[in-house]
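These protein sequences, in sequence, are chains A and B.
For the first sequence, position 127 matches number 129 in the numbering used here, and the numbering has no gaps at all.
For the second sequence, position 39 matches number 62 in the numbering used here, and the numbering has no gaps at all.
The beta carbon of each residue, even a glycine, is placed where N, CA and C say it ideally should be.
The structure presented is a predicted model; accordingly, all values stated were derived computationally and were not measured.
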Amino acid sequence: MNDTPPNPEHQLPDRHYLSASYRAGLRSWFLTTDHKRIALLYLASVTVFFFIGGVFATMIRIHLLTPEGALVSPETYNKLFTMHGVAMIFFFLIPSIPAVLGNFLIPIMIGAKDLAFPKINLLSWYVYILGGCFVLYSFSTGGLDTGWTFYTPLSSIYSNSAVTPAVIGIFINGFSSILTGLNFIVTIHTMRAPGMTWFRLPLFCWAHYATSLVMILGTPVVAITLLLAGLERMFHLGFFNPSMGGDPILFQHLFWFYSHPAVYIMILPAMGVISEIIPTFARKPIFGYSFIAASSIAIAVIGFLVWAHHMFVTGESTYAALAFSFLSYLVAIPSAIKVFNWTATLYKGSISWDPPMIYALGFIGLFTIGGLTGLFLACLGLDIHIHDTYFVIAHFHYIMVGGAVMGYVGGLHFWWPKITGRLYPQALARFAAIVLFIGFNLTFFPQFILGYLGMPRRYHSYPPEFQVLNVLSTAGASILALGYLLPMCYLTWSMRYGKVAGPNPWPATGLEWKTDSPPPTENFHVTPVVDWEPYDFRNRPDLGLAAGAPLAPAHGDD
Amino acid sequence: MQSQLPLYPEQASNFAPHIDALMIFITSVCVFFAAAITFAIIYFFFKYHRKTPDAVGIVTHEDPRLEVAWIIVPLILAMAMFSWGAVVYVDYRHTPSDTLDIYVVGKQWMWKIQQPNGLKEINELHVPVGRNIRLTLASEDVIHDFFVPAFRVKMDVIPGNNHYNTMWFRPTKAGRYHFFCSQYCGTNHALMGGWVIVMEPTEYAAWLSGSGGADGNPVTAGEKLFAEKACATCHLANGTGRAPSLNGLFGSQVPLAGGATVVADEAYIRESILQPNAKIVAGYLPLMPAFQGQVTEEQILALTAYIKSLQSLPAPAKGSGVAPVRGAETAPATEKK
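Pasting the structure below:
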């Protein structure tokens, strides 16, 4: 088969995981144990939550057009930002890359037929849906107005909204994460194909391995914490309620013990995606493979030791604050290592301008700003001023939306031909990536300035001097929305009408590109044997590239 | 200030110039790195654009020295940011001794502020320029946060029995400045703000006396409460009551049952009113009823002010903390050592 880029006509394989010739109808989807189909179930459900969260975000931005609030009452506004956060964080960002792309790709990338526990994988999706139902029930019966952080005693005593079902929903959903993490760890340990050594693993797998550690170790803590807040609310217990001798600050410690590492659950997989895209479209081995792999583990470990940097102005002890600030600076280093290595990979590459590459470079730009502004917040003296202002909002949106979502959408573009067997319109996709990048910056950059000027977060109305920047931000959001709607449209379109991609359209070096697009249910017709180094384009005649012929011999320092 | 687009709020406290300098330092470092990376990416993106469809890149070998360099250099810069930030923070968290003490009570969704002479304000805080101001923060319900952007300071206001947060600053410029609640606290969180009015010291003094101290001196109010709540029946001044005398209590070391000691500060007094059994003074029985829910935060402040006013009175002779548990009325002062 010829994989050289000016593609000859490809045809979809006769039999693949989507054609479902082996079982019929909806049953074959809802009772499937095929990791690829479960990934698509997740794809559909996280897209629903992304859409719900996006509608809330749109309403928030429209409301903030005028100082007194243009759209809704204060109660409704508070519910909007709370439900935006809950939907986006717990039901979109955390599952997005791991449960969709990770689920689909990890077994194929390591040459396995499925995850280690296929039924548990299906169970995790049902658990997610059950948790999602509780949360949607909360949204539709009174809503939720505690902020996604559920700080006590506001959430456990004072709020009049539907806190209990939401907390139960998030508690249940936690098990979905835990099961997915467990499945990934066991799969990566035990199911690698012959020749797939640890240091031949795609960096995507390293990133998911690190993510899974956080999922397994962190999620139980937040699940129990939110359950305690729920129990306090239902049965008037006194864990966090100061009037019964509880400690409201204890809640914050427990909550952030998970919820800070949760940021790494969102960003590490995106970093994994970028570490696949960059070498593929620069057509050379990634620079500093072992440093990138090790930095994922370092982020996962140190990420557990920084939680109280969310609490510098709660009156925590000065010594605690010093320790947490110091550790927060340490966790910045592994992220910097990744950015430097990605950039170095571009050097002397053969760089294509295909859409996934545009997304990946957009990711680096936005993640760099997000990461660097973390240095401002980790700084004790500066955090006194910018804590709980729009500076924080801008910072974590740069990480979670500019980083994690950009990585997710970029990853979808990269593996879409593998998932669906078809290509999307390249020029349109390139345009959408640029729209997304510009729209994102216009939306969130003004918020850094707003924050430094002192606009607190979660304000349904604000003093008039903040209006100009808010209007700018809302204008940017309308461009950003276009940047999300475009891919939704053309990707959906391409599922039926896109050009057939062939097994390896870019081409890329990973095992997933050695099988059909879409892959057969068992992933590979013959168990593959890996006898090449990761991201090596030169010794891979099967890729049909000019294996180094016109270029100087490999020597990095000329 | 409304017409143009400022990049930072007014600088009106001792902390503002330090925090702005810190901001400029970190921004400069970050802009340098962001610009370098952006430039490199854009340059490589065009310079190494794929020439022919089947071209591959040149393998560049990892150089450990390069990896070490871009670990060490950012680490050094990060440590500089950490250290400078720590210096500012420690200064902020360490309140100087010569402060003007003002009490701030947050509740959904208003701020009640009490000046040293007992004058009460709602959503306004008058302070003199050039004085170190210490705010003692209490909440009647949920967590709030007192935030003055022009001063670059904020602190959470936390409900609880044994915890007062305090914050301090020194206003450096007269004027009117916004303050906000910056910890989300429910429906009207966004409306829970007001104005800090920084006045020249003479103006402030005139304002303080001119407003007549309408609600009376907190010490007097506290004394009245002390009688109303029947505190005086046990806390006899001469140390012979069923409860310890409060004379000379504030600021002293109190021996507790079990051998520990505690400094009698505002937080201890508040806890001892709300949850008396949390810390029992050595030699006394846990007889006092809990006043949790019986007194407001403001009443606690008044009681504290009254107890503070007893600080200068002579405490009963050494060891009088050990009052007789029974028969106190019949055998006064016999247990003294």
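Neighbour flag for residue i against chain A, beta carbons, 7 Å
{"i": "K177(B)", "result": "yes"}
{"i": "P40(B)", "result": "no"}
{"i": "Y200(B)", "result": "no"}
{"i": "L98(B)", "result": "yes"}
{"i": "F68(B)", "result": "yes"}
{"i": "R157(B)", "result": "no"}
{"i": "W93(B)", "result": "yes"}
{"i": "Y112(B)", "result": "yes"}
{"i": "N146(B)", "result": "no"}
{"i": "G271(B)", "result": "no"}
{"i": "D288(B)", "result": "no"}
{"i": "N188(B)", "result": "yes"}
{"i": "H258(B)", "result": "no"}
{"i": "F105(B)", "result": "yes"}
{"i": "G108(B)", "result": "yes"}
Whole-angstrom distance between residue j and residue i, CA atom to CA atom
{"i": "V318(B)", "j": "P244(A)", "result": "15 Å"}
{"i": "L270(A)", "j": "L205(A)", "result": "10 Å"}
{"i": "Y392(A)", "j": "P465(A)", "result": "14 Å"}
{"i": "W418(A)", "j": "A195(A)", "result": "24 Å"}
{"i": "N443(A)", "j": "F170(B)", "result": "27 Å"}
{"i": "I190(A)", "j": "S214(A)", "result": "11 Å"}
{"i": "S275(B)", "j": "V176(B)", "result": "30 Å"}
{"i": "P7(A)", "j": "I440(A)", "result": "Interpretation of P7(A) is limited by its pLDDT of 48, a score under 50 that renders its predicted location unreliable; no figure is taken from the coordinates."}
{"i": "G290(A)", "j": "S162(B)", "result": "52 Å"}
{"i": "I2(A)", "j": "G149(A)", "result": "The first residue shown for chain A is 3 and the last is 560, placing residue 2(A) beyond what the model contains."}
{"i": "L160(B)", "j": "F141(A)", "result": "34 Å"}
{"i": "G364(A)", "j": "L124(A)", "result": "33 Å"}
{"i": "P120(A)", "j": "N105(A)", "result": "10 Å"}
{"i": "Y426(A)", "j": "P505(A)", "result": "15 Å"}
{"i": "P530(A)", "j": "D544(A)", "result": "14 Å"}
{"i": "P32(B)", "j": "E320(B)", "result": "32 Å"}
{"i": "A78(B)", "j": "G512(A)", "result": "18 Å"}
{"i": "G351(A)", "j": "F186(A)", "result": "32 Å"}
{"i": "R54(A)", "j": "I65(B)", "result": "A quick correction: the sequence has Ile, not Arg, at residue 54(A). I54(A) and I65(B): Cα-Cα distance of roughly 36 Å."}
{"i": "H399(A)", "j": "T284(B)", "result": "48 Å"}
When the options are compared against residue i, the one with the closest alpha-carbon
{"i": "A209(A)", "options": "E278(A), W258(A), N175(A), L307(A)", "result": "E278(A)"}
{"i": "R459(A)", "options": "L488(A), M490(A), D390(A)", "result": "D390(A)"}
{"i": "S300(B)", "options": "N270(B), Y291(B), A290(B), A313(B)", "result": "The question names Ser, but residue 300(B) is Asn in the sequence shown. The shortest Cα separation from N300(B) among N270(B), Y291(B), A290(B), A313(B) belongs to A313(B)."}
{"i": "G376(A)", "options": "F93(A), Y349(A), H262(A), T282(A)", "result": "H262(A)"}
{"i": "I112(A)", "options": "F526(A), M85(A), R540(A)", "result": "F526(A)"}
{"i": "Y461(A)", "options": "A114(A), G373(A), T422(A), A72(A)", "result": "A72(A)"}
{"i": "I360(A)", "options": "L430(A), Y211(A), F539(A)", "result": "L430(A)"}
{"i": "P76(A)", "options": "M190(B), F68(B), M215(B)", "result": "M215(B)"}
{"i": "L384(A)", "options": "T476(A), S327(A), Y400(A)", "result": "S327(A)"}
{"i": "S463(A)", "options": "Y187(B), T210(B), L123(B), F105(B)", "result": "T210(B)"}
{"i": "N240(B)", "options": "D43(B), D77(B), S332(B)", "result": "S332(B)"}
{"i": "F2(A)", "options": "A103(B), I95(B), F68(B)", "result": "Chain A is shown only over 3 to 560; residue 2(A) falls outside these bounds and no answer can be derived."}
{"i": "M85(A)", "options": "T143(A), F186(A), P97(A)", "result": "T143(A)"}
{"i": "G546(A)", "options": "P76(B), I292(B), I64(B)", "result": "P76(B)"}
{"i": "G413(A)", "options": "L107(A), I304(A), S157(A)", "result": "L107(A)"}
Minimum Cβ-Cβ distance from residue i to chain B less than 7 Å
{"i": "F539(A)", "result": "yes"}
{"i": "A510(A)", "result": "no"}
{"i": "E462(A)", "result": "For clarity, residue 462(A) is His in the given sequence; the question names Glu instead. Interface residue, yes."}
{"i": "V531(A)", "result": "no"}
{"i": "A322(A)", "result": "no"}
{"i": "K501(A)", "result": "no"}
{"i": "H12(A)", "result": "no"}
{"i": "T78(A)", "result": "no"}
Distance cut-off 6 Å: residue i Cβ against heavy atoms of the ligand MN
{"i": "A44(B)", "result": "Although the ligand MN was asked about, the structure shown includes no ligands whatsoever."}
If contact is defined by three or more beta carbon pairs under 8 Å, each pair taking one atom from either stretch, is the region 474-491 of chain A in contact with the region 504-520 of chain A? Not touching, per the Cβ criterion.
Validate contact between the region 302-322 of chain A and the region 248-266 of chain A using beta carbons, cut 8 Å, 3 pairs: The way I'd put it, the region 302-322 of chain A does touch the region 248-266 of chain A; three or more beta-carbon pairs between them come closer than 8 Å.
Indicate whether the contact test is met: 3 or more Cβ pairs, each with one atom in the region 25-43 of chain A and one in the region 56-67 of chain A, closer than 8 Å. Taking one beta carbon from each stretch, the region 25-43 of chain A and the region 56-67 of chain A have fewer than 3 pairs nearer than 8 Å; the two do not touch.
Using a Cβ distance threshold of 8 Å, determine whether the region 328-341 of chain A contacts the region 287-305 of chain A, with at least three qualifying pairs required. The region 328-341 of chain A is in contact with the region 287-305 of chain A.
Counting pairs of beta carbons, one from the region 209-229 of chain B and one from the region 143-151 of chain B, are three or more of them closer than 8 Å? Contact check between the region 209-229 of chain B and the region 143-151 of chain B: three or more CB pairs, one atom from each, fall below 8 Å, which counts as touching.
Sequence ranges, beta strand (DSSP E) only - wholly within the region 208-259 of chain B, length at least 3: The beta strand (DSSP E) runs lying completely inside the region 208-259 of chain B and spanning 3 residues or more are 217-222, given in chain order.
Would you call the region 49-56 of chain B and the region 190-198 of chain B in contact, with 3 or more CB pairs under 8 Å? In short, these stretches do not touch, since the Cβ pair count stays below three.
With three or more C-beta pairs closer than 8 Å as the rule, is the region 91-103 of chain B touching the region 319-336 of chain A? By the Cβ criterion, the region 319-336 of chain A is in contact with the region 91-103 of chain B, since at least three pairs of Cβ atoms, one from each stretch, lie closer than 8 Å.
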